[in-house]
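Beneath this line is the structure, given in structure tokens, with notes to follow.
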Amino acid sequence: MTSNLNEAPLLGRVDRRDEWGPFDIIGDVHGCAGELESLLVRLGYDVRWSGVPGAVDVSVTPPAGRRAIFVGDLIDRGPRAPDVLRIVMSMVESGAAMAVPGNHDVKFMRWLDGKKVAPTHGLDRTIAQFEAEPRAFPARVKTFFEALPVYLWLEGGRLAVAHAGIKDEMLGEISGEVRRFCLYGETSGETDEFGLPIRYHWAAEYRGRTTVVYGHTPVPAADWVNNTICIDTGCCFGNALSALRWPEREIVSVAAERVYTVPVRPFGHPPPRPGAVI
């Protein structure tokens, strides 16, 4: 059963077909605040920090007429998750950016809710980094994540942004299945030899007219597949942080400053699902 996402609480407004770019769509940041700041500056944004320890603030001014969009997985694995959140929350609150949540963000939100979650895949680092934060900061972060739309449908239907992707027939709809797909992509429900969920390359079957920009699965370089593009280029794993300039379709990247987490699984698109017609 599906319903209109705009009627669902705590999911934000996904139908933004009345909003147009140009946009700078930024891949999985994973706590890499230094690289995020460098990428924003390269894209023409002005980033200014102020305050003192315990009361740090940041303001980001976009280039005239442009806005950023973040594809989620803002936290975990990297060295400065709280500062990444400061940047992104400031940009969203000022109207300089939009964002969708990633699976890591949703897991952290469950931890903030006091639910039992395994501190794995970098969550332990985020938890440790939050121990030094002001007491009010976690509540602000939780409120921010709760208000995010699970995907964005933009520009009269020409463009969609979702953390792990979205199928054409899901656009404009919401259900548990749609939400799971946006956060986790297409999976088998089993784990691979690395102990990670088995993923399938849903984009190999995509035939929609809406361009879909997503992250979630780190690839060596962003490349187009059937009117979709994955812009997670594994910054936390020592590769790069990338953005897609839209509608120019130009990729802008900055190299990772170092390897923050050693990857368990090789970079690259997963295989198509069994029986897929591609």
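All residue numbers for the sequence shown refer to numbering that gives the first Met the number 0, where the first residue is 0 and numbers rise by one. We treat Cβ as the ideally placed atom computed from N, Cα and C, and that holds for glycine.
> From the DSSP output, which residues share a beta bridge with Glu249?
Replying inline: DSSP lists Arg244 as partners of Glu249.
> If Leu147 and Val160 are in contact, beta carbons under 8 Å, what's the gap, nearest whole angstrom?
Replying inline: No, Leu147 and Val160 are not in contact; Cβ-Cβ is about 11 Å, not under 8 Å.
>> On the DSSP letters alone, give me the boundaries of the alpha helix (DSSP H) that Cys181 sits inside.
In response: Unbroken alpha helix (DSSP H) run through Cys181: 175-183.
> DSSP three-state call for Met0: helix, strand or coil?
Replying inline: Note on Met0: pLDDT 32, under 50, position unreliable in the model; the coordinate value appears next. DSSP places Met0 in coil when its eight states are reduced to three.
>> Among the candidates Asp112, Glu34, Glu154, whose CA atom is the shortest distance from the CA of Trp245?
In response: Taking the Cα of Trp245 as reference, the smallest distance to any Cα among Asp112, Glu34, Glu154 is reached at Glu154.
> Taking DSSP as the reference, what is the three-state secondary structure of Cys31?
Replying inline: Coil, per DSSP.
>> Using 8 Å as the threshold, is the C-beta distance between Arg206 and Gly184 below it?
In response: For Arg206 and Gly184, no; Cβs fall outside 8 Å.
> On the three-state DSSP scale, how would you describe Pro137?
Replying inline: The three-state secondary structure of Pro137, taken from DSSP, is helix.
> Would you report the Cα separation of Phe107 and Ala117, rounded to the nearest angstrom?
Replying inline: Roughly 10 Å separates the two Cα atoms.
>> Here's a check: name, in chain order, each residue in its chain whose Cβ is nearer than 6 Å to the Cβ of Trp110, leaving out the five neighbours to either side.
In response: So the qualifying residues of the chain are Val116.
> How is Arg303 classed by DSSP in three states: helix, strand or coil?
Replying inline: Absent from the model: residue 303. The displayed extent of the chain is 0 to 277, so no value can be given.
>> Taking only three categories from DSSP, how would you classify Glu189?
In response: Shown here, Glu189 sits in a strand according to DSSP, grouped into three states.
> Does the beta-carbon of Pro8 have 16 or more other beta-carbons within 10 angstroms, so that it is buried, or is it exposed?
Replying inline: Low confidence applies to Pro8: its pLDDT is 33, below 50, so where it sits in the model is not reliable enough to give any reading.
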